Each structure stands twice: as structure tokens, then as C-alpha cells.
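Below is one structure; the comments refer to it alone.
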């Protein structure tokens, strides 16, 4: 029998899989909500890599939910249709013409692109929006913003039904309103936080384009409590675009999510690093008295 030359990469891969076993066991049956967005949505290779990670999570017993955005795609379509759009305090003013385009782009092109990517990697996925089965019912967040919604009622039974069938839900952040024939555009992070809170998820992973939450010394904070986040915000350490993400995290934890992680989605296999390795990835926010699934 001819001896094989054992490639060091193969050995490292086997070791990594062996070391991941305790985390695979601890996350079996866990619900993990992943907010996906950014430039990766427009790159075929990065989309495929993300989809592969989500399929792997489902394969090892995790119940993932993907909630996506699509701002760049919405901007492109509005431009092509010559529909003007502007922002107030960082949020898109959404009139009836704009919300029609938002719904078309998010529930059509973007949602189905992610579903197809997951299917191509061997998973089972179903695309839906907050309108389906009244998953997410909203009221106007701010009259100045038009049809920008704030979730006020969540009905997540449809997601549990999909989990039971072994199907990965992919959710577009478009919601119905309290009145007939209302459609609301919902911020993707806000939608992901509301869904995670309603599911009492084990983890909410907010993929972004920064390394995580940085402290006063400029270093990434690997773990924080809600009180830490509030103090850092008051001190101005957390500022700018990180504020709405940490606000989403605090609300999700208040609603029953075990932990929220703000992750650099540009890092290869970021979700797997967070869930299935010792050190995780990004900045974990959770209550100090609540043990981590990794403990």
C-alpha cells in the first residue's frame, strides 16, 4: 500500500473540525439570526461563500434566519426609474413611489438572489418578507420619513414552521401596517433585531464593514455588557453609524436574545468563526449574569 503524503493544510483542517465539536454540540437546535448586507450582496463569490456558511450551519443543527438589506440595489433602481430619493438623519424618506420600488427590489431581486445562492450550495431556503403571514406589522417610525416602519407586532410561527421542515428562512425587511394596504420599508438591522427578539434567538449576528465596536484606545472590544455600551455611547466612544447597530443590539437583548455580535462581514467565514471557534469574531454584547453558550 503506497503511503500518502499528509498535507499540512489537511491536518490543520481536521484539527479545526475536532476543536469545533463542543461548539457544534452546544449550538444544536439554537436559533441564529444573521443580518446580511453590504457589498457582498453584489459579489457572486462572496454571496456563494456566505450561502455556504449558512448551509453548513443548518447542516450541523443550527436554525439560521437570514435577514437582508439592499440599499445599493434600491438606489440603483430609483436612479434608473428617475425617482428622486433623499435622506433625513441617515434614513431614507419613503413616499408611496419609493416604497413600491423598495418592495420590488428587496422582495424580488435581492431576496431571490440569496435564496438561489443557498439552494446552489445544497441547502433548502424560502424567501419571504415581513408581510407574509403578518410576520412583521409596523407603524410609522417618524411622520417626516413617510413609510419607514417601526415593528410593533411580530408573528414568528411561520419561521418555526420552516425550521421544523429543515428550511432556511430568508426575510426581506418589508412589512405590513396596522391599516389596510399599507407597506413599510424597515431598516435591515431593525428588522433583524425585531425578528431575533420575537424568536428569543440564541444569537443575532449583525454583519457590517468594520471590525466591531472599538474602545477608547481604538482596539476592538471582544465582549461588552449593555451597561458598557450605554456608558461608551454617553462618553462618545460609540458614535456615528455604530450607534444604531448598538441600539438594535440593546433592544434585542431586552427582548430576550442571549447575545448580539457585531461582526466584520468582510472576513471569510465570519459567522462560522463566531459560532464554532474558541475566540469568536467581532464584538459580543450580552448580559453579564447570562452564561454564554460557549461556557
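In our numbering, the protein residues as written are 5 to 299. All C-beta atoms in this analysis are idealised placements derived from N, C-alpha and C, irrespective of residue type, glycine included. Only a predicted model underlies this, so the values are computations on that prediction, with no experimental measurement involved.
So what's residue 88 in DSSP terms, helix, strand or just coil?
coil
Would the beta-carbon of residue 158 fall within 9 Å of that of residue 201?
yes
By the three-class DSSP mapping on this structure, what secondary structure does residue 184 have?
coil
Consult DSSP for residue 67 and reduce its assignment to one of helix, strand or coil.
strand
Under 9 Å, do residue 71 and residue 195 count as touching if we go by C-beta distance?
yes
Nearest to residue 124 by alpha carbon, out of 96, 53 and 104?
53
For residue 59 and residue 276, I'd like the C-alpha separation in whole angstroms.
11 Å
Per DSSP, what are the beta-bridge partners of residue 214 in this structure?
Looking at the DSSP assignment, residue 214 forms no beta bridge with any residue, so it has no partner.
When 93, 223, 197 and 134 are compared against residue 148, the one with the closest alpha-carbon:
93
Cβ atoms of residue 69 and residue 33: under 9 Å apart, would you say?
no
Between residue 155 and the ligand SAH, is the CB less than 8 Å from at least one heavy atom?
Ligands are entirely absent from the displayed structure, and the ligand SAH is therefore not among its contents.
Three-state secondary structure assigned by DSSP to residue 226:
coil
Cβ of residue 267 within 9 Å of Cβ of residue 227?
no
Under 8 Å: do the segment 249–262 and the segment 208–215 share three or more Cβ pairs, one atom per stretch?
yes
At which residues does the alpha helix (DSSP H) containing residue 193 begin and terminate?
192–203
Roughly how many angstroms lie between the CA atoms of residue 222 and residue 87, to the nearest whole one?
41 Å
Segment limits, alpha helix (DSSP H) that includes residue 26
12–30
Bridge partners - residue 140, DSSP secondary structure assignment
158
So, does the segment 126–140 touch the segment 171–188, judging by three or more C-beta pairs under 8 Å?
yes
Have a look at residue 61 and residue 37 and give me their C-alpha separation to the nearest angstrom.
11 Å
Using the C-alpha atoms, what's the distance from residue 110 back to residue 82?
13 Å
Could you tell me how far apart the beta carbons of residue 114 and residue 153 are, in whole angstroms, since I believe they sit closer than 8 Å?
Contact doesn't hold; Cβ gap of about 18 Å is too wide.
On the CB-based measure, 16 or more other CB atoms within 10 Å of its CB, does residue 26 come out buried or exposed?
exposed
Residue 243 in three-state terms, based on DSSP
coil
Rounded separation between residue 104 and residue 84 - CA only:
14 Å
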